[in-house]
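In order, the protein sequences belong to chains A and B. Once you know that position 164 of the first sequence is 164 in this note's numbering, the rest is easy, because the numbers rise by one and skip nothing. So this note's numbering is basically just the index in the second sequence, starting at one, shifted up by 1000. Beta carbons are placed, not taken as given, at the ideal position from N, Cα and C, and that holds for glycine. Every value quoted in this text rests on a predicted model; they were computed, and no experiment measured them.
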Amino acid sequence: MDCRQVEGSLAAVADGGATPEQAAQVARHLESCAGCRQALQTQATARTVLRARATQLAVTAPPGLRTRLAATARAESAQADGILSWRGRLTAFAAAAVLVLTLGAVLLPVLTGRSTVVLAAQMALDHLKCFVIDGDVRGPAITKGEAESLLKREYGWTMSVPDSAPAEGLELLAVRHCLYGDGLAAHLLYRANGQPVSLFIMPGLTRPAAELSVLGHDEVVWTAGDRTYMLVAGKGSTAGLARVASYLQNEAK
Amino acid sequence: MFFGRQQESQGATDEDEFSAAALDFLDALYGAALRLTRNADRAQDLVQDTYLKAIRARDRFTPGSNLKAWLYTILHNTWRNRQRDRARSRVDFDSEAVEEVAQGSGAGLPALAESPETLLLRATLDADLQAALDALPDVFREVVWLRDVDELSYQEIATVVDAPIGTVMSRLSRGRKQLFERLSMQRERTGRV
């Protein structure tokens, strides 16, 4: 075995990745070749330095990324499960809810074809899904900037996301894909005075302003620009819902 | 009516377990993405894309094999495809010519006396090591990292970077050599012993 042949095996010999045959051949060559001995030493030294500093070299992913990936996994899982298994998970809720959900599945492809009430019912269920069934509003809250860059990346939207507002008792928590809009709607999750509140944003949709009570939820609907917004909270859970809506209407652009 | 938001969903599925297991490697994936993209935003984007693809392709993962290596493979494939989409040349990744040029960039370094690794180790600060790694050509740095920091097998690395094992060994050997030479030069320059 000459130096050139040995060179190809040195890296593996230095880190224990060589076969016994390779190692034996290289060892025989090294007995009579100082140059390759030094080359092996170089390989081993570089590896030793890296192994010793592996922990310090490792980077930590931004916390927002972890949150986002966990949400991605849940959205994928929910889509894969399909609507049917949803019925199983929703047994705790009113039969009417399941009925609307099934109806929603039939109408799903045509977001714009749905009446405001049906849409509102679906958003109420998505609100329940995210806050109650999945219980997934954990981990660090997202910042306004993170939410905006997420919407930019995921939807191509440039918009101002209403930030947490202590004066309004409002806290921005997370952004989710909304299952019911075929992913076309974005779901901003807030807490208002300690209670869960959802703001759904649907692009390319114009609905008249309305206040509804659907499936045990209070909802406020408005349109700004080419987007329709739906604010959803459990019925009576947030006394100041109108005030929250007013704040969001001013801030969401 | 308000239900506690901490309420757990019922019964973790295999999918949930897979998603969670993949998330255990988030830091490693993000690090790999940073090395490839050299940009925090693009790195996050690449990781997110990788993760989504992994979840969708989870049926193709062989249980018991190295999940980290599998995720790395998806990440590298995704990155290569993006590079291609941007009409950049794939030559960056697998041309022997580029490697020869890269090799040449270290060829002008002075020959070094044999140096005990303990000396080098003590003298090498984390920042120096990071800088020396950053200075390596991409194709070298990646295999060095995958082998010596992440401890993947040669076969796994070959799959990740989509190159024959012989090429992996060659890149690894040259990468380590350049790293060693840069660290030794830093040591001599700064006089740290």
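Gln38, Ala39, Gln41, Thr42, Gln43, Ala44, Thr45, Ala46, Arg47, Thr48: these are the residues of the segment 25 to 48 of chain A whose beta carbon lies less than 8 Å from some beta carbon of chain B, given in chain order. According to the DSSP assignment, A:Ser246 belongs to no beta strand (DSSP E) but to the alpha helix (DSSP H) extending over 241 to 251.
Between A:Asp218 and A:Pro203, the CB-CB gap reaches or exceeds 8 Å.
Excluding its 5 nearest sequence neighbours in each direction, A:Ala233 has C-beta neighbours in its own chain below 6 Å: Val197, Asp218, Leu241, listed in chain order.
Interface criterion met: the Cβ of A:Leu65 is under 8 Å from a Cβ in chain B. The beta carbon of A:Val161 sits no closer than 8 Å to any beta carbon of chain B. It is roughly 7 Å from the alpha-carbon of A:Thr143 to the alpha-carbon of A:Leu172.
Rounded to the nearest angstrom, the gap between the Cα atoms of B:Ile1157 and B:Ser1170 is 12 Å. Taking C-beta atoms as the reference points, A:Ala174 and A:Tyr155 fail to come closer than 8 Å. Secondary structure at A:Pro166: helix, using DSSP grouped into helix, strand and coil. Taking a contact to require three or more Cβ pairs closer than 8 Å, the segment 25 to 35 of chain A and the segment 3 to 13 of chain A qualify as touching.
Sixteen is the threshold: when 16 or more other Cβ atoms of the shown chains lie within 10 Å of the Cβ of A:Gln122, as they do, the residue is buried. Contact with chain A is found for B:Gln1044, since one of that chain's Cβ atoms lies less than 8 Å from the residue's Cβ.
Between B:Leu1075 and B:Ala1032, the gap from beta carbon to beta carbon is short of 8 Å. Pairing A:Leu125 with B:Thr1062, the inter-Cα distance amounts to about 36 Å. Ranked by how close their Cα comes to the Cα of B:Lys1068, the residues B:Asp1128, B:Ala1040, B:Thr1159 have B:Thr1159 in first place. At a cut-off of 8 Å between beta-carbon atoms, A:Asp15 makes contact with chain B. Contact with chain A is absent for B:Ile1074, since none of that chain's Cβ atoms lies less than 8 Å from the residue's Cβ.
Per DSSP, B:Phe1018 lies in no beta strand (DSSP E) segment; the continuous alpha helix (DSSP H) that holds it begins and ends at 1014 to 1023. Per DSSP, the unbroken beta strand (DSSP E) holding A:Pro196 starts and ends at 195 to 203. Boundaries of the beta strand (DSSP E) around A:Gly234: 227 to 234.
Going by DSSP, A:Val221 is part of the beta strand (DSSP E) stretching over 217 to 224. Distances from the CA of B:Arg1082 to each of B:Leu1179, B:Asp1045, B:Val1139 were compared; the closest alpha carbon is that of B:Asp1045. Under the DSSP assignment, A:Ser213 falls in the beta strand (DSSP E) whose first and last residues are 210 to 214. Under the Cβ criterion of 8 Å, B:Gln1048 is counted among the residues facing chain A.
DSSP lists A:His187 as the bridge partner or partners of A:Arg176.
In the assembly as shown, B:Pro1164 is an exposed residue. Its beta-carbon has fewer than 16 other beta-carbons within 10 Å. When the Cα atoms are used, B:Ser1153 and A:Gly17 turn out to be separated by approximately 8 Å. For A:Leu57, the chain B residues whose C-beta falls within less than 9 Å of its own C-beta are Gly1031, Asp1126, Leu1129, Gln1130, Leu1133, Trp1145, Val1149, listed in chain order. Distance from the Cα of A:Trp222 is smallest, within the candidate group A:Ile201, A:Ala239, A:Lys235, for A:Ile201. Burial state of A:Lys152 is exposed, judged by a 10 Å Cβ sphere holding fewer than 16 other Cβ atoms.
Look at B:Ala1033 here: in three-state DSSP terms it is helix. Secondary structure note for A:Pro20: its alpha helix (DSSP H) is the uninterrupted segment 20 to 30. For B:Asn1077, the enclosing alpha helix (DSSP H) has its first and last residue at 1067 to 1085. One alpha carbon belongs to B:Ala1057, the other to B:Thr1050, and they sit about 10 Å apart. By the rule that beta-carbons nearer than 8 Å mark a contact, A:Leu69 touches chain B.
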